[in-house]
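Residue 11 is where the sequence shown starts when you use our numbering, and the numbers rise one by one after that. Note that CB positions come from ideal geometry on N, CA and C, so glycine has one too. Data block below; observations after.
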Amino acid sequence: MENFRKRVLVTGGAGFLGSHLCERLIADGHGVLCLDNFFTGTKENIAHLLHNPHFELIRHDVTFPINVEVDEIYNLACPASPIHYQFDPVQTTKTSVHGAINLLDLARRLKAPIFQASTSEVYGDPKIHPQTEEYWGNVNPIGPRSCYDEGKRCAETLFFDYWNQYQVSIKVARIFNTYGPRMHPNDGRVVSNFIVQALNHHDITIYNLPSRHHIKWTRKISKD
Ligand SMILES: NC(=O)c1ccc[n+]([C@@H]2O[C@H](COP(=O)([O-])OP(=O)(O)OC[C@H]3O[C@@H](n4cnc5c(N)ncnc54)[C@H](O)[C@@H]3O)[C@@H](O)[C@H]2O)c1
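Here it is as structure tokens:
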């Protein structure tokens, strides 16, 4: 970041990761325009920022075009846990794909750099571990996770095509499982499950990779 106050649009800014990003940008001396439809995000996540003169909040759905004047864009809008993104799979795909188009069009008009929060899920059920960026993945296009995995893959395609075709300045980060304050405790993801089970003194569920025979199974171990 250069040494002057930028106006930064953070979509999904009321979510787990987005709220920390808003905080960090303000601490770095920038102005934040936080955009969210509050599907999974909450006002509590950003309550401490609401009275900051360098913070603004817009309730908006990224599947609809948006026209604002900013210097940079961070696109984090998308439900991230299976229970949330499978609640309305069509809306999930739209959020990734229409959202990417709307925000890339905005970045193109403004000549603003844009960041995309992608995911390790673009590798699907990977056949190599750990995954390298060169790996193309092993993804089911019609399964229950496809709305998220394929939506995020298509968003990556759009980001790279806007870069190639229109020279929009892009950054795409494939985020792996993240944990910390403000994560959703009951979102069904591995790390939150571990933490919640441990805090409640319950047995911890160990999720296994599919075996060579593609048998999926879950084993519970005692906390003792
Ligand atoms: N948390 C992780 O471990 C992880 C891992 C990989 C990728 N990511 C990506 O990072 C981003 C943030 O994830 P998170 O864990 O903070 O999830 P989150 O659910 O806490 O945050 C997502 C935010 O996007 C908002 N949102 C959803 N659909 C929207 C729409 N159509 N228009 C406007 N806002 C919308 C939600 O209300 C929420 O505030 C997501 O794009 C996710 O795919 C997260």
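Around the beta carbon of residue 180, a 10 Å sphere encloses 16 or more other beta carbons of the protein chains shown; the residue is thus reported as buried. When 193, 96 and 114 are compared, the shortest CA-CA separation from residue 172 is found for 114.
Residue 202 and residue 196 have their C-alpha atoms spaced approximately 7 Å apart. Secondary structure within the region 60-147: the alpha helix (DSSP H) runs of 4 or more consecutive residues, fully enclosed, are 92-95 and 99-120 (chain order). One Cα belongs to residue 30, the other to residue 192, and the distance between them is close to 9 Å. The C-beta of residue 176 has fewer than 16 other C-beta atoms within 10 Å across all chains shown, which makes the residue exposed. Not one heavy atom of ligand 1 falls within 7 Å of the beta-carbon of residue 97. Relative to the non-hydrogen atoms of ligand 1, the Cβ of residue 72 comes within a distance shorter than 7 Å of at least one. Remark: the shortest separation between the CB of residue 130 and any heavy atom of ligand 1 falls under 7 Å.
Note on geometry: alpha-carbon atoms of residue 79 and residue 155 lie some 35 Å from one another.
Distances from the CA of residue 18 to each of 118, 210, 124 and 164 were compared; the closest alpha carbon is that of 124.
The closest CA to that of residue 186, considering only 152, 206, 132 and 52, is found on 132.
Distances taken from the Cβ of residue 157 to the heavy atoms of ligand 1 include none shorter than 7 Å. Distances taken from the Cβ of residue 135 to the heavy atoms of ligand 1 include none shorter than 7 Å.
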